[in-house]
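Taking the numbering used here, I'd label the letters of the sequence shown as residues 3 to 498.
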Amino acid sequence: MSLGGSLPRYELYINGAAVPPASGEYFPTQNPYSGETWALVARGGEGDVNVAVAAAHLAFTQGPWAEMTATERGRLLRKLADLIPAKARHLAEIERRDNGKLSAEVITQVNYLSDYFHYYAGLADKVHGDVIPTDKKDVLAFTKYEAKGVVAIITPWNSPLTLTSWKLAPALAAGCTVVIKPSEFTSASMIEFAKLFDEAGFPPGVINVVTGFGAEVGAPLVAHPNVAHIGFTGGEVAGQKIYEAAARGLKTVTLELGGKSPNIVFDDADLDKAVKGVVSGIFAASGQTCQASSRLLVQENIHDMFVQRLIDFVGTAKLGDPALQDTQIGPIATRPQFEKIMSYIEIAKAEGAKCILGGTSRPDLGAGQFVSPTIFVGVNNKMRIAQEEVFGPVLSVIPFKDEADAIAIANDVNFGLVAAVWTQSLKRALLIAEKVKAGTIWVNNYRATSFTSPFGGFKRSGIGRESGVDAIKEYLETKCVWVSSDLDVPNPFVRR
Ligand code: NAD
3 MSLGGSLPRY ELYINGAAVP PASGEYFPTQ NPYSGETWAL VARGGEGDVN VAVAAAHLAF
63 TQGPWAEMTA TERGRLLRKL ADLIPAKARH LAEIERRDNG KLSAEVITQV NYLSDYFHYY
123 AGLADKVHGD VIPTDKKDVL AFTKYEAKGV VAIITPWNSP LTLTSWKLAP ALAAGCTVVI
183 KPSEFTSASM IEFAKLFDEA GFPPGVINVV TGFGAEVGAP LVAHPNVAHI GFTGGEVAGQ
243 KIYEAAARGL KTVTLELGGK SPNIVFDDAD LDKAVKGVVS GIFAASGQTC QASSRLLVQE
303 NIHDMFVQRL IDFVGTAKLG DPALQDTQIG PIATRPQFEK IMSYIEIAKA EGAKCILGGT
363 SRPDLGAGQF VSPTIFVGVN NKMRIAQEEV FGPVLSVIPF KDEADAIAIA NDVNFGLVAA
423 VWTQSLKRAL LIAEKVKAGT IWVNNYRATS FTSPFGGFKR SGIGRESGVD AIKEYLETKC
483 VWVSSDLDVP NPFVRR
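Right, here's the structure in full:
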């Protein structure tokens, strides 16, 4: 970071050093609460991508990183993990300033990264192949895992360092090198975070960061012939473009896309807990999370009572400055996202859904980029408000009759990221867990995730898994080695 006029200026990070962009241009990054530009960020382009990929490729093929054992890589990751707590407040402050997430939430998220890197530090030397008992005599066949190569990591604005680390920690544990393209709305925290890798002793070129826009940095990065795998979190439109570009280069991908996730509340549930679960599912982070439970499926006999309890709980939520400890709902992170949410509220009204809470912006707060917690009833699952991701604090309430009805409605969307069920019946909980098509099912809880546990989507919510042991495999190739102890080849024209 350097000072550009009175504003801090963030450079690219390539080959272990801060580097100005070839364009010489910088773009502003804004605080969504105050509306102020608080820093300038380097506007990278294709030339910068080429330099970063060359550095990552060199680090992957030659030099200390390429020579390291998995145990040594684990040691470096552990050092990095140990450096995070002392920098957590600073990094969290940057993220809060860039995307308006509550201080209380973002500091917890950033502190948690340390556990994340510790987990993959430990896993680095524990992923091993097998000896295969083949049907051939006089041969030893074994598998081993090898790092894929240079990985492109492309992330959105809602949880910048968390979603980057979900890819970065397993990629590094696997032995890959990386080029990261953070969201153009929230680049600064990654530039600051990259410095910690330097401090931990990662060799130059292992981690590179090229800031800028999707078309100018993301697209050439995905298309670069020396990029082997793309780890992406973001929206479906960019996800499809990346998947198409990866297909042209026959590259592998991990895609974490959006959701239209159901929170299913049965009449036998502990309703106090269910209310909190529904609130946390859609109104935490102002609904700007891939895990948002934007559809509340509630059993019809408790519909009115449950909705009233929700209104009582959310109606008093304190909107305001995310830096303040008592704020419960912060601003929308970006102006385009704010406009998208407001347009979906109009779409829902035009479709005939009834707005019983919110439905308005709050121009009186901060720079006016706030949306009141909004609840629609009378929603039919065919409506756009029930089918399309809003990525904001907008809840669609849909009544259901029984288990079969709940399952049918839950599955009647193109997405399948997460789902939750609230019930006291173990049988019913297990039925929902079995029948609902989603990568994560929560029973009587919401938003629990961990570095230990795989996360990802069914259907159009994504491809591949992040976190847990599954994630490291995304960054590894399997190689099978055949060793013969019988040197004689009786007939070379006939396969043994
Ligand atoms: P986005 O898809 O617009 O952008 C994500 C990233 O992709 C950004 O860094 C952007 O610059 C880059 N990008 C855009 N076009 C590209 C291209 N053609 N090639 C390469 N890179 C490109 O998403 P966003 O607006 O930043 O974030 C919101 C979206 O992300 C929501 O739709 C949400 O559902 C999704 N999301 C999903 C998860 C998940 O884990 N499934 C988590 C968070 C957000």
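Every residue gets a Cβ at the ideal spot worked out from N, C-alpha and C, and that includes glycine.
Problem - DSSP state of S469 mapped onto helix, strand, coil - result: The residue labelled residue 469 in the question sits at position 467 within the sequence shown. In this structure, S469 counts as coil in the three-state DSSP scheme.
Practice task
Could you tell me whether the Cβ atoms of I304 and L397 are closer together than 9 Å?
Solution key: Sequence index remark: in the sequence shown, residue 304 carries index 302 (1-based). Sequence index remark: in the sequence shown, residue 397 carries index 395 (1-based). No, they are not a contact pair.
Problem - the ligand NAD heavy atom lying under 8 Å from the CB of F195 - result: Mapped onto the sequence shown, residue 195 falls at position 193. No, the ligand NAD has no heavy atom inside 8 Å of this Cβ.
Handout entry: Runs of alpha helix (DSSP H) lying entirely within the stretch 210–279, each at least 4 residues, in chain order
Key = 221–225, 238–250
Practice task
From the DSSP output, read off the bridge partner residues of W444.
Solution key: To locate residue 444, count along the sequence shown from 1; it is residue 442. In the DSSP output, where bridge partners are listed per residue, W444 has A422.
Exercise for the section: Have a look at A88 and L82 and give me their C-alpha separation to the nearest angstrom. Expected result: As a first step, residue 88 is located in the sequence shown; it is residue number 86 there, counting from the start. As a first step, residue 82 is located in the sequence shown; it is residue number 80 there, counting from the start. Distance between the alpha carbons of A88 and L82: 11 Å.
Practice task
Answer yes or no: do A72 and V129 have a C-beta to C-beta separation smaller than 9 Å?
Solution key: As a first step, residue 72 must be located in the sequence shown, where it is residue number 70. As a first step, residue 129 must be located in the sequence shown, where it is residue number 127. Closer than 9 Å, so yes.
Problem - Own chain residues within Cβ distance below 6 Å of I86, not counting five before or after - result: Working through the sequence shown from its first residue, we reach residue 86 at position 84. Excluding positions up to five away in sequence, the list reads L115, S116.
Exercise for the section: Scan the stretch 8–85 and note each continuous beta strand (DSSP E) run of 3 residues or more that stays entirely inside, going in chain order. Expected result: 9–12, 14–16, 19–21, 28–32, 39–44
Exercise for the section: Keeping to the same chain, check which residues put their C-beta closer than 6 Å to that of F187; ignore five residues upstream and five downstream. Expected result: Mapped onto the sequence shown, residue 187 falls at position 185. Hits under 6 Å: W159, T336.
Handout entry: For A450 and P22, the rounded distance between their alpha carbons
Key = By one-based count along the sequence shown, residue 22 stands at place 20. By one-based count along the sequence shown, residue 450 stands at place 448. Between P22 and A450, the C-alpha separation is close to 40 Å.
Exercise for the section: Would you decide whether F457 is buried or exposed? Buried here means 16 or more other CB atoms lie within 10 Å of its CB. Expected result: Residue numbering aside, residue 457 sits at position 455 when the sequence shown is read from its first letter. Classification of F457: buried, given that the 10 Å Cβ count is 16 or more.
Exercise for the section: With hydrogens ignored, establish whether the beta-carbon of I465 is closer than 8 Å to any heavy atom of the ligand NAD. Expected result: In the sequence shown, residue 465 corresponds to position 463, counting from 1. Not under cutoff, so the answer is no.
Exercise for the section: Pull up the distance between the alpha-carbon of H226 and that of A44, whole angstroms please. Expected result: Your numbering for residue 226 matches position 224 in the sequence shown. Your numbering for residue 44 matches position 42 in the sequence shown. Approximately 20 Å between the Cα atoms of the pair.
Practice task
Within 10 angstroms of the Cβ of V483, are there 16 or more other Cβ atoms? Answer buried if so, exposed if not.
Solution key: For the purposes of this step, residue 483 is taken as the residue at position 481 of the sequence shown. Under this definition V483 is an exposed residue.
Exercise for the section: Find out if the Cβ-Cβ distance for the pair V219, K183 is shorter than 9 Å. Expected result: Walking along the sequence shown from the start, residue 219 turns up at place 217. Walking along the sequence shown from the start, residue 183 turns up at place 181. Cβ distance < 9 Å, so V219 and K183 count as in contact.
Exercise for the section: Sort I134, F234, P135 by Cα distance to V181 and report the nearest one. Expected result: Residue numbering aside, residue 181 sits at position 179 when the sequence shown is read from its first letter. Minimum Cα distance to V181 is reached at F234.
Exercise for the section: Would you mind stating whether G241 and G464 have Cβ atoms separated by less than 9 Å? Expected result: Translated into the one-based positions of the sequence shown, residue 241 becomes position 239. Translated into the one-based positions of the sequence shown, residue 464 becomes position 462. Yes. Within cutoff.
Problem - Euclidean distance between Cα positions of E79 and P10 - result: Here residue 79 corresponds to residue number 77 of the sequence shown, with the count starting at 1. Here residue 10 corresponds to residue number 8 of the sequence shown, with the count starting at 1. A small correction: the amino acid at residue 79 is Leu; Glu does not occupy that position in the sequence shown. About 29 Å.
Exercise for the section: Flag this pair as touching only if the stretch 461–481 and the stretch 157–173 have three or more C-beta atom pairs under 8 Å; answer yes or no. Expected result: yes
Problem - Identity of the residues DSSP links to A143 by a beta bridge - result: As a first step, residue 143 must be located in the sequence shown, where it is residue number 141. I134, W484, per the DSSP bridge assignment.
Exercise for the section: Count the C-beta pairs between the stretch 386–403 and the stretch 288–300 that are closer than 8 Å, then say yes if the count reaches three, no if not. Expected result: yes
Exercise for the section: Would you grab the beta carbon distance between L419 and A440 for me? Rounded to a whole angstrom, and I think it's under 8 Å. Expected result: Residue mapping note: residue 419 aligns to position 417 of the sequence shown, counting from 1. Residue mapping note: residue 440 aligns to position 438 of the sequence shown, counting from 1. Confirmed, Cβ separation roughly 6 Å.
Exercise for the section: Pick out the complete alpha helix (DSSP H) segments inside the stretch 94–123, 4 residues or longer, and give them in chain order. Expected result: none
Practice task
Mind listing, in chain order, the continuous beta strand (DSSP E) runs of no fewer than 3 residues lying wholly within the stretch 333–378?
Solution key: 356–359
Practice task
Since I believe F417 is in contact with G261 (beta carbons under 8 Å), could you give me their beta-carbon distance rounded to a whole number of angstroms?
Solution key: Position 259 of the sequence shown, counted from the first residue, corresponds to residue 261. Position 415 of the sequence shown, counted from the first residue, corresponds to residue 417. About 5 Å separates the two Cβ atoms, so the contact holds.
Handout entry: Three-state class that DSSP yields for E194 in the structure shown
Key = What you label residue 194 is simply residue 192 of the sequence shown in a count that begins at 1. Helix.
Exercise for the section: Using alpha carbons as the reference points, say which of I313, K403, F204 lies closest to L299. Expected result: On the sequence shown, residue 299 is found 297 positions in, with the first residue counted as 1. Nearest option by C-alpha distance: K403.
Problem - Distance cut-off 8 Å: S263 Cβ against heavy atoms of the ligand NAD - result: In the sequence shown, residue 263 corresponds to position 261, counting from 1. For the ligand NAD, not one heavy atom lies less than 8 Å from the Cβ of S263.
Practice task
Would you kindly check if the distance between the Cβ of T254 and the Cβ of A248 is under 9 Å?
Solution key: Translated into positions along the sequence shown, residue 248 becomes position 246. Translated into positions along the sequence shown, residue 254 becomes position 252. Yes.
Handout entry: Continuous beta strand (DSSP E) stretch holding G401: start and end
Key = One-based indexing of the sequence shown puts residue 401 at position 399. Looking at the sequence provided, one finds Pro at residue 401 rather than Gly. Start and end: 396–402.
Handout entry: DSSP-derived helix/strand/coil call for R297
Key = The count along the sequence shown starts at 1 and reaches residue 297 at position 295. Strand at R297.
Handout entry: Proximity of E55 and L223 at Cβ, strictly below 9 Å
Key = Residue mapping note: residue 55 aligns to position 53 of the sequence shown, counting from 1. Residue mapping note: residue 223 aligns to position 221 of the sequence shown, counting from 1. Note on residue identity: the sequence assigns Val, not Glu, to residue 55. Contact flag set, yes.
Practice task
Check whether the Cβ of S105 sits closer than 8 Å to any heavy atom of the ligand NAD, and report yes or no.
Solution key: Residue numbering aside, residue 105 sits at position 103 when the sequence shown is read from its first letter. Flag unset: Cβ of S105 not near the ligand NAD.
Problem - Where T164 falls: helix, strand or coil (DSSP) - result: The residue labelled residue 164 in the question sits at position 162 within the sequence shown. Residue state, collapsed to three classes: helix.
Practice task
Using only alpha-carbon positions, find the residue among E353, V316, K243, G151 that is nearest to G207.
Solution key: Working through the sequence shown from its first residue, we reach residue 207 at position 205. Nearest of E353, V316, K243, G151 to G207, Cα basis: G151.
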